[in-house]
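Protein chains in written order, with the numbering used here: chain F, 133 to 453; chain A, 471 to 768.
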């Protein structure tokens with residue numbers, strides 16, 4: 133049987149995979165439909181992804197939109213100099229990194245703890261109910277969630293501040309106060325994504341060999357020891373992988389969320405690179421400076437992405453494709 | 471359960487209580503919005519509404535479903551989602567299939583695969599993307615929300631990896647029977663790929679339904695905004711609904727005593743969540759596969 137299958141494969145390869153010129157032509161006609169199938173996506177990606185990558189040239193121009201991408205005067209790094217000289221640029225960069233780092237940290241720690249606790253629940257139905265409840269926010273847009281939080285956290289009428297007031301404290305203006313704004317962004321972001329983020333750790337937990345626990349029990353290990361010496365080591369590689377991959381978000385403060393909740397009164401602690409890019413580009417139509425800011429962000433991000441993929445491959449054997 | 475130690479039982483009890491509290495923290499904001507949307511203006515502004523409606527009424531829903539701004543935006547969103555998902559799915563399939571071949575069968579495979587993957591790693595950013603939409607004449611058209619993202623590369627990679635994981639004998643048999651690639655795709659590969667296609671369809675739907683930023687920047691007139699872009703303007707400017715005088719016509723005046731910006735906004739937010747709630751059970755079933763989108767292997 134085995135040799136017959138091998139023979140069929142060899143005949144198949146010989147027929148389709150090269151040889152003399154007649155076969156080569158046959159091979160081309162055989163591959164032609166494959167090229168035709170990928171063509172539409174290649175054209176669209178060519179225009180909108182590669183076209184916009186080419187559009188980065190305007191970061192180096194005194195750009196006038198009606199002249200097209202290559203028709204404006206070249207000014208070297210002038211736009212970057214203007215950008216870095218903006219009075220709020222350092223502040224924006226600091227806000228971005230601070231918010232992004234705390235989100236990255238929280239979005240590792242909280243899902244891991246949640247997964248570990250959920251893993252201790254043995255009642256299947258109860259577990260599913262909990263999961264259904266915590267996964268939901270992940271699938272809603274920040275427009276919806278911002279609408280909900282703006283109402284919920286409102287200093288005068290929101291439910292949260294009514295609770296705070298009933299406990300005898302002063303109401304907190306969560307999204308209008310420079311101290312509370314970044315904290316609110318970090319906490320609500322973790323609120324949105326920790327549930328779904330825990331799925332990957334739950335999957336890792338179920339793949340731990342149950343016989344390890346059995347032998348640990350025989351050796352007299354209690355639950356805490358089992359968690360410490362079996363469960364945690366069992367998901368360490370997943371935790372490392374997720375940590376490494378999250379490095380790519382170092383300059384992602386979370387545009388969708390912040391854009392829908394911030395206001396000029398919290399720019400000093402809440403304005404991030406992406407919101408700055410938006411205001412410069414779309415509102416003030418300073419296309420070139422906005423593009424320079426975007427290019428700065430995506431270049432730094434790319435370096436982190438490449439580093440993270442390299443480390444993920446090295447430490448966790450993960451490859452993107 | 472009987473042989474558990476006391477400390478273990480205490481832990482399980484606390485764990486159970488703690489997890490329930492956490493899950494409620496995730497759910498209660500939605501219950502609060504729902505309660506507000508069904509309550510009266512006075513009860514809401516007096517701060518009486520928490521998780522149950524007070525003075526139960528549906529006036530807020532009457533108001534918004536008769537508001538042309540809301541209904542128009544809903545229509546745009548439905549058309550966008552229908553067309554967008556169809557285009558996404560078509561391009562995902564016809565792109566993933568050739569790329570699932572090995573270089574022995576499709577010589578350009580690796581180069582073309584990289585051509586797509588690079589776009590995940592790097593993009594031109596906001597303004598260049600905006601300019602490309604402008605230069606290609608898509609501004610203010612529904613196509614501006616569909617064409618630039620017509621191929622979701624991550625989903626394509628997921629499907630590609632699924633195709634690669636199918637037993638090669640199936641297709642080889644089809645080839646030996648004289649089928650071409652396209653016949654093999656349609657007759658052999660697609661019929662056994664329902665789970666992965668369902669996954670990417672759901673994610674594509676959720677993606678289209680939730681997008682708001684593209685609508686905001688590519689549509690010149692608010693009348694062309696999809697629902698989420700329209701809601702964005704309402705969220706950042708809560709009084710917007712009532713400032714738009716077309717929303718308040720004579721036969722609705724009787725309801726004005728019952729509704730306020732807060733109740734109508736709550737009703738609009740809740741209605742925008744309904745489609746997600748409808749597909750949520752299916753999402754839950756398939757999203758472990760969606761998770762693989764973050765950790766594709768091949």
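A virtual CB, placed ideally from N, CA and C, is assigned to each residue, including glycine. From a predicted model like this one, the values you see are computed outputs, not experimental measurements.
Counting C-beta pairs with one atom in each stretch, the region 676 to 687 of chain A and the region 257 to 275 of chain F have three or more that are closer than 8 Å, which means they touch. Between residue 426 of chain F and residue 398 of chain F the beta-carbon gap is near 22 Å, outside 8 Å, which marks them as no contact.
Take the alpha-carbon of residue 267 of chain F and the one of residue 512 of chain A: they are about 34 Å apart. Within chain F, no residue has its CB atom less than 7 Å from the CB of residue 714 of chain A, the nearest being about 17 Å off.
In this structure, the beta-carbon distance from residue 386 of chain F to residue 235 of chain F falls below 8 Å. Around residue 414 of chain F, the beta-carbon contacts reaching into chain A at under 9 Å are 596, 597, 600, 686, 687. The beta-carbon distance between residue 421 of chain F and residue 412 of chain F, rounded to whole angstroms, is 5 Å. This is short enough to meet the 8 Å contact definition. Annotation: the continuous alpha helix (DSSP H) that includes residue 639 of chain A extends over 638 to 646. For the region 497 to 516 of chain A, the residues whose beta carbon sits under 9 Å from a beta carbon of chain F are, in order, 497, 498, 499, 500, 502, 503, 506, 514, 515. Note that the C-beta distance between residue 547 of chain A and residue 697 of chain A is below 8 Å. With its beta carbon less than 8 Å from one in chain F, residue 618 of chain A belongs to the interface.
When C-beta distances to chain A are compared with 9 Å, every residue of the region 211 to 224 of chain F stays at or above that value. Distance from the CA of residue 576 of chain A to the CA of residue 355 of chain F, rounded to the nearest whole angstrom, comes to 54 Å. Residue pairing for residue 194 of chain F: DSSP places it in a beta bridge opposite F:205. With 16 or more neighbouring CB atoms inside 10 Å of its own CB, residue 191 of chain F falls in the buried class. For residue 732 of chain A, the CB contacts under 7 Å within the same chain, skipping 5 residues up- and downstream, are 506, 514 in chain order. Looking at A:519, A:632, A:620, the one whose alpha-carbon comes closest to that of residue 561 of chain A is A:620.
Given a length threshold of 3 residues, the region 328 to 353 of chain F has no whole run of the beta strand (DSSP E) inside it. Scanning its chain for C-beta atoms nearer than 6 Å, with the 5 sequence neighbours on each side dropped, one finds no residue around residue 309 of chain F. Residue 384 of chain F sits in coil when the DSSP states are folded into three classes, being neither helix nor strand.
For the C-beta of residue 637 of chain A, not a single chain F residue is nearer than 7 Å; the gap to the nearest is close to 12 Å.
Its Cα nearest to that of residue 584 of chain A, the residue A:570 stands out among A:595, A:570, A:594, A:597. For a cut-off of 8 Å, the C-beta gap from residue 247 of chain F to residue 333 of chain F is around 4 Å, short enough to register as a contact. Rounded to the nearest whole angstrom, the C-alpha separation of residue 509 of chain A and residue 402 of chain F is 34 Å. Residue 428 of chain F sits away from residue 407 of chain F, with the two beta carbons spaced by 8 Å or more. Judged by DSSP secondary structure, residue 584 of chain A falls within the alpha helix (DSSP H) whose first and last residues are 579 to 591. Per DSSP, reduced to three states, the secondary structure at residue 273 of chain F is coil, with no helix or strand assignment. Taking 8 Å as the cut-off between beta carbons, the residues of the region 161 to 195 of chain F near chain A are 162, 163, 165, 166, 167, 169, 170, 172, 173, 174, 176, 177, 179, 180, 181, 182, 183, 184, 185, 186, 187, 188, 190, in sequence order. For residue 574 of chain A, the three-state secondary structure derived from DSSP is coil.
For the pair residue 177 of chain F and residue 699 of chain A, the Cα-to-Cα distance works out to about 25 Å.
Within chain F, not a single residue places a beta-carbon under 9 Å from that of residue 535 of chain A; the smallest gap is close to 18 Å. Considering only F:418, F:419, F:381, the residue with the shortest C-alpha distance to residue 404 of chain F is F:381.
Within chain F, the residues placing a beta-carbon under 9 Å from that of residue 606 of chain A are 179, 180, 183, ordered along the chain. Across the structure, residue 252 of chain F and residue 359 of chain F are spaced so that their CA atoms are roughly 10 Å apart.
Close to residue 735 of chain A, with beta-carbon spacing below 8 Å, are these residues of chain F in chain order: 279, 283. With a threshold of 16 other beta carbon atoms within 10 Å, residue 323 of chain F meets it and is buried.
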